[in-house]
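The structure appears below as structure tokens.
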Amino acid sequence: MKAVQYRSVGAAPEVVTVPTPEPGPGQVLLKVTAAGVCHSDVVVMSWSAENLPFPLPLTLGHEGAGTIEAAGPGVETLPPGTPVAVYGPWGCGGCLSCARGQENYCRRAAELGIYPPGLGAPGALAEYLLVDDPRHLVPLGELDPVTAVPLTDAGLTPYHAVKTSLPKLVPGTSAVVIGTGGLGHVAIQLLRALTPARVFALDVTEEKLRLARAVGAHAALQSDLEAPDAILEMTEGHGAEAVLDFVGAPATVDIATGCAAVESDVSVVGIGGGTASVGFGITPYDAAVRAPYWGSRSELIEVLELARTGVIEVQVESYALDDAPQVYERLQEGQVSGRAVILP
Ligand code: NAD
Ligand code: ZN
Ligand code: ZN
């Protein structure tokens, strides 16, 4: 089968032919219908050999959707042909976090060498995908896999981050979304659908700011040194009760803490190497700085339900598998609007 692989440190991903996998005990084989392209892959492909936690070559793609093709010996799963989405942050299934459905925070994954597909295990940018356990599959029903597949990460990750801050986003409050790309443009919709907060969006190009307004931001402005003051001014000097940074670079983390309110949540979701200074007199009183990772199994079911009821809609650009290397270039250059999805 064809697959898109990151084969050696620093090199561009390549379309290659690899053996079609066969499901072993416990596993389910999917015929991939759609796979999303996340900025985290760009980050992973920028790491040095010493910092890469898994061996290469790696088939990329940690947002996957497909139809049931086959199951390993003794595996009971959905009937062949059933469309499903893949829950990506695989855990051990048995620890306290996994028992809560929070496999993203599995206590044993590292020790057991369990990796998400596309981030250690072979990923979804291929014609077929092996899933280690049927519990990682969520039926898609009537949802279009092309617009639904980004919900497994670009939807689930901001959903988890926003959900944590819901108690703070009462009427009269504000939220800031920094970086209105794949994750950020879904975050804006989630904030509008789930909270009465005023939503301010920050990005660096007029095109991205247009998308932010189109998906519901009350105001969208340039992400620059003046942005924190602009937000303070628009919030009567108080700042925002929730700041979600989907860039996570040093400059954006400074903006994030610079426009945070007393008792706010600052969620640094982006993996841009930025760090926040936290301390008395440095951060607003009782502000919490978090760095959330992906989301739980139940949250994936919830976020798919929000799409089913039309509350959120991912903007996608779709491409063939052979185009994937160019899509990664487009993503790195900030040219993708919404989420790029590969149709193998
Ligand atoms: P994306 O490329 O689709 O979107 C990033 C957006 O940030 C783009 O619109 C870009 O124009 C904008 N941007 C760049 N520099 C900016 C700046 N200085 N100020 C404001 N906006 C700026 O990326 P994505 O796939 O949405 O991922 C966003 C980030 O989240 C990445 O760092 C990714 O690695 C990370 N991520 C984290 C998790 C997690 O669990 N923590 C999960 C998925 C992705
Ligand atoms: Zn991702
Ligand atoms: Zn676990």
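The opening position of the sequence shown corresponds to residue 44 in the working numbering, with each subsequent residue numbered one higher.
Beta carbons are placed, not taken as given, at the ideal position from N, Cα and C, and that holds for glycine.
If you're wondering where the values come from, they're calculated on a predicted model, not measured in any experiment.
{"query": "Contact test: G144 Cβ vs ligand 3 heavy atom, cutoff 6 Å", "result": "no"}
{"query": "Proximity test, S83 beta-carbon vs ligand 2 heavy atom, cut-off 6 Å", "result": "yes"}
{"query": "T200, enclosing alpha helix (DSSP H) - first and last residue", "result": "L199 to S208"}
{"query": "Inter-residue Cα distance where the pair is G109 and D84", "result": "20 Å"}
{"query": "Boundaries (first-last residue) of the alpha helix (DSSP H) holding P160", "result": "Unbroken run through P160: none, as it is neither H nor E."}
{"query": "Same chain only: Cβ atoms within 7 Å of V174, ignoring 5 sequence neighbours per side", "result": "Q70, V71, L73, V129 and L180"}
{"query": "Status (buried if at least 16 other CB within 10 Å, exposed otherwise) for P271", "result": "buried"}
{"query": "Any non-hydrogen atom of ligand 1 within 6 Å of I314 CB", "result": "yes"}
{"query": "Cross-strand partners of A363 (DSSP beta bridge)", "result": "L386"}
{"query": "Where L183 falls, given that 16 or more other Cβ within 10 Å makes a residue buried", "result": "buried"}
{"query": "Neighbourhood of Q358 by C-beta distance below 8 Å, restricted to the same chain and skipping five residues each side", "result": "H228, L254, V258, S380, G381 and R382"}
{"query": "Simplified DSSP assignment, three categories, for R333", "result": "strand"}
{"query": "Residues of its chain near R150, where Cβ-Cβ distance is below 6 Å and the 5 sequence neighbours each way are ignored", "result": "C138 and S140"}
{"query": "From K45, T190 and A330, residue whose alpha carbon lies closest to that of A350", "result": "T190"}
{"query": "DSSP three-state assignment for P126, whether helix, strand or coil", "result": "strand"}
{"query": "Proximity below 7 Å, CB of G115 to CB of G67", "result": "yes"}
{"query": "Q265, enclosing beta strand (DSSP E) - first and last residue", "result": "A262 to Q265"}
{"query": "C-alpha gap between Q369 and A169, whole angstroms", "result": "16 Å"}
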